[in-house]
Structure formats: structure tokens, C-alpha cells
Amino acid sequence: MTDQSDKSSLPPDSALNSAPAAKKQAPQPNPWVEGLQTIGLSVVLALGIRHFVAEARYIPSGSMEPTLQVRDRLVIEKISYHFNPPRHEDIVVFWPPESLTAPGQRRDAFIKRVIGLPGDVVEVRNGEVIRNGEVLTEPYIEAPPDYEWGPETVPEASYLVLGDNRNSSYDSHSWGFVPEENIIGRAVVRFWPVNRVGLIDD
């Protein structure tokens, strides 16, 4: 009897299970927060790509004509020089020596062609560039240089650079050599104007 009365005092199973547990609703994402996170991630990725991988550059002058024209837009890749040094005839973007920038003036990057590597002896004579005793064949230049320069030996960890428009280029023959750490990257692709899109021939 005692067992029966004890059992009758318990609520039936149906009563215990009749009220389903309330489900917790997941918090709704804030579209503004999500948007800001997406923008922030995009900015970080863009800055990372620009700093370590590649960036776009604009040609403001005719110092590299006829190879590069004013208002050409290029892709500059930055990866290869982490593994291999610049080569002869590479077209490189670099920071000029600090002595060329006046106090308070913005320091703009230059673009030129690598003519001398560390240890090379280079001179300009009679309209020709001579490197290590050999006259260079340069189908890419606008006209033969009308100046004399050298001979000089390119120092270690430095490069001699000249513009393809030899007589209208502010380059190594005017101000000296480019330190290796100043080199930003190598010009590889022209993406503007449309009619000249393509790889840049060194």
C-alpha cells in the first residue's frame, strides 16, 4: 500500500514531458559590425599584398621611353628579389638616395634599367655603354647617350641604373649607385593603356 501511495503522488510521465524546453535563440549578427570586419580584413590583405607581393605604379616621365610611356601603369612584383638578386637589364622600381630629396619634400620612387651589378666596371664612351670591356647591344634605348661617364666599378650591394631615354634621364650617371635595400621590385606587366597591355620585355 505504501508503495502505491508513493507512486500516486508523483506526476505522470506525460506531465513531466508536456512542456518542451525553451530553445535559446542565437544572437543575430549586426550587419554594421560584419561590414566593418569585412572592410578591415580587405584593407589588411590589400596592404599585405602591396607590401610583400606586388603593387601598381604610374609612369610620370619620359625617362624610360620608348620602353615605357608617360601615363603607363605597371605591376611591380616584389617576391623574386627575396630569392635572387636583380639581373642585367631588369627594369626596377627603387627609392632614390636620400640626398636627392630635399627636407620636407615627398620622396618618390624611380624606375630605371639595371646596367651594372656589383663588381661590374661600367663606362659610357662615344655613344656606347661598355660593361667589363664589352660594348652593350641596346635595342631598347631612345638614342645613344651624348655624355661621357666612368669607368667606375659598381660597389658591393649596389646597382648602376640608367633610363632607356639616355639623354633625358636622371639616373646613376648623374647621382651614383642604388643601394640594394632601396630596390622595391621589378616591373613585369603593363595593364594600362589597353592597347599596350602585356608583359614588359627586359
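Counting with my numbering, you get residues 1047 to 1248 for the letters of the sequence shown. Here a beta-carbon is modelled for each residue, glycine too, at the ideal position from N, C-alpha and C.
**Request:** May I ask you to report which of helix, strand or coil DSSP gives W1221?
**Result:** Along the sequence shown, one-based indexing puts residue 1221 at 175. W1221: helix per DSSP, three-state reduction.
**Asked** If we ignore side chains and look at the alpha-carbon of each, how far apart do P1112 and E1194 end up?
**Response** Numbered from 1 along the sequence shown, position 66 holds the residue referred to as residue 1112. Numbered from 1 along the sequence shown, position 148 holds the residue referred to as residue 1194. When rounded, the separation of the alpha-carbon atoms in P1112 and E1194 is 22 Å.
**Prompt:** So what does DSSP say about L1208, is it helix, strand or coil?
**Reply:** Residue numbering aside, residue 1208 sits at position 162 when the sequence shown is read from its first letter. If DSSP states are grouped into helix, strand and coil, L1208 belongs with the strands.
**Prompt:** Using a Cβ-Cβ cut-off of 6 Å (strictly less than) and excluding sequence neighbours within five positions of I1176, which residues of its own chain qualify?
**Reply:** Looking up residue 1176 in the sequence shown gives position 130. Apart from the 5 residues on each side of it in sequence, I1176 sits with its Cβ closer than 6 Å to the Cβ of E1169 in its chain, given in chain order.
**Cβ-based neighbour list, D1217, same chain, cut-off 6 Å, excluding 5 preceding and 5 following** = Residue numbering aside, residue 1217 sits at position 171 when the sequence shown is read from its first letter. Contacts found: K1158, V1207, L1208, G1209.
**Prompt:** CB-CB under 7 Å to E1184, same chain, minus the five flanking residues each way: which ones, in chain order?
**Reply:** Indexing the sequence shown from 1 puts residue 1184 at position 138. Excluding residues within five positions, the ones whose Cβ falls inside 7 Å are V1175.
**For L1120, the first and last residue of its enclosing beta strand (DSSP E)** = Against the sequence shown, residue 1120 aligns to sequence position 74. In the DSSP annotation of this structure, the continuous segment of the beta strand (DSSP E) that includes L1120 starts and ends at 1119–1123.
**Asked** When DSSP labels each residue in this structure, what does L1245 get in the three-state scheme?
**Response** As a first step, residue 1245 must be located in the sequence shown, where it is residue number 199. Three-state result, L1245: strand.
**Message:** Please classify S1220 as buried or exposed, where buried requires at least 16 other C-beta atoms within 10 Å of its C-beta.
**Reply:** Residue numbering aside, residue 1220 sits at position 174 when the sequence shown is read from its first letter. The residue is exposed, with fewer than 16 neighbouring Cβ atoms inside 10 Å.
**Message:** At the level of alpha carbons, what is the spacing between V1200 and D1118?
**Reply:** Position 154 of the sequence shown holds residue 1200. Position 72 of the sequence shown holds residue 1118. Looking at the two C-alpha atoms, the distance is approximately 30 Å.
**Request:** Name the two residues that bound the continuous beta strand (DSSP E) containing T1199.
**Result:** Along the sequence shown, one-based indexing puts residue 1199 at 153. Annotation for T1199: the continuous beta strand (DSSP E) segment containing it runs 1195–1199.
**Asked** Got a sec? Which residues, its chain only, sit under 7 Å from Q1151 by beta carbon, not counting five neighbours each side?
**Response** As a working mapping, residue 1151 is identified with position 105 in the sequence shown. In the same chain as Q1151, and ignoring 5 residues on each side of it, no C-beta atom comes closer than 7 Å to its own.
**Prompt:** Of the choices S1109, V1099, A1102, whose alpha-carbon is the least far from that of Y1186?
**Reply:** Looking up residue 1186 in the sequence shown gives position 140. Here the closest residue by C-alpha is S1109.
**Message:** Less than 8 Å between C-beta atoms, sequence neighbours within five positions excluded: which residues of the same chain meet that for S1145?
**Reply:** If you number the sequence shown from 1, residue 1145 lands on position 99. Excluding positions up to five away in sequence, the list reads W1221.
**Prompt:** Would DSSP call H1128 helix, strand or coil?
**Reply:** Here residue 1128 refers to the residue found at position 82 of the sequence shown. It is helical.
**Request:** In the DSSP assignment, find the unbroken beta strand (DSSP E) run with Y1104 in it and report its ends.
**Result:** Your numbering for residue 1104 matches position 58 in the sequence shown. Unbroken beta strand (DSSP E) run through Y1104: 1100–1104.
**Prompt:** Which two residues bound the contiguous beta strand (DSSP E) that contains E1227?
**Reply:** As a first step, residue 1227 is located in the sequence shown; it is residue number 181 there, counting from the start. No residue range can be given for E1227, since it is assigned to no beta strand (DSSP E) and is classified by DSSP as neither H nor E.
**Request:** Could you give the DSSP three-state label for V1116: helix, strand or coil?
**Result:** Looking up residue 1116 in the sequence shown gives position 70. The answer is coil: DSSP assigns V1116 none of H, G, I, E or B.
**Request:** Select from V1121, R1153, I1229, G1179 the residue whose C-alpha is nearest the C-alpha of R1001.
**Result:** What is shown of the chain runs 1047 to 1248, which leaves residue 1001 out entirely.
**Where E1135 sits in the DSSP three-state scheme** = Residue 1135 sits at position 89 when you count from the first residue of the sequence shown. Three-state DSSP puts E1135 in coil, outside helix and strand.
**Prompt:** In its own chain, which residues sit with a C-beta less than 7 Å from the C-beta of L1245, not counting the 5 before and 5 after it?
**Reply:** Translated into positions along the sequence shown, residue 1245 becomes position 199. Excluding residues within five positions, the ones whose Cβ falls inside 7 Å are V1234, V1235.
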